[in-house]
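Since the structure comes first, as structure tokens, the remarks are kept for the end.
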Amino acid sequence: MDEIGESSIKEQEKLVPIANVGRIMKQILPHNAKVSKEAKETMQECVSEFISFVTSEASDKCRKERRKTVNGDDICFALASLGFDDYVHPITRYLQRFRELDLDHHHTRTNSINQERDTRNSTFDDDDE
1 MDEIGESSIK
11 EQEKLVPIAN
21 VGRIMKQILP
31 HNAKVSKEAK
41 ETMQECVSEF
51 ISFVTSEASD
61 KCRKERRKTV
71 NGDDICFALA
81 SLGFDDYVHP
91 ITRYLQRFRE
101 LDLDHHHTRT
111 NSINQERDTR
121 NSTFDDDDE
């Protein structure tokens with residue numbers, strides 16, 4: 001493969017998959033709307049650039065705080081500091097809800113594992129008798 005082809009592939013890897021972009025666009029538009037390939041590609045570049053822009057700001061915050069992992073709060077901070085205030089409240093609410101569901105899932109999974117362990121232990125105890 002030539003250098004131009006390789007750089008094109010590397011560029012594509014940095015972009016949000018075009019199928020995902022197209023699917024989201026179709027969800028928002030009226031059901032009879034058509035979306036051109038050019039429109040999807042343009043939106044793909046914009047979305048990918050936006051994500052990079054916000055992530056870079058969040059990453060800078062982490063670096064200043066000597067942390068290596070960007071979290072949801074860092075993304076919210078980055079959105080606010082970049083002037084995307086309209087997004088901060090909905091994303092903060094979403095993040096809070098996600099964390100609640102994740103915690104519920106963790107507790108459910110932990111309880112399930114404990115029940116399985118208790119069942120196995122009681123089975124072994126029955127064998128001893």
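Read in UniProt numbering, the sequence shown has 39 at position 39, and its numbers run on one by one without any break. Don't be surprised by glycine CBs; every beta carbon is placed ideally from N, CA and C.
For residue 58 versus residue 39, is the C-beta spacing smaller than 8 Å?
Contact flag unset, no.
CB contact flag (residue 16, residue 51, <8 Å):
Their beta carbons are under 8 Å apart, which means residue 16 touches residue 51 by this criterion.
Alpha carbon to alpha carbon, what distance is there between residue 55 and residue 49?
10 Å
What do you reckon, are the CB atoms on residue 76 and residue 69 nearer than 8 Å?
no
Delimiting residues of the alpha helix (DSSP H) encompassing residue 40:
Residues 37 to 64.
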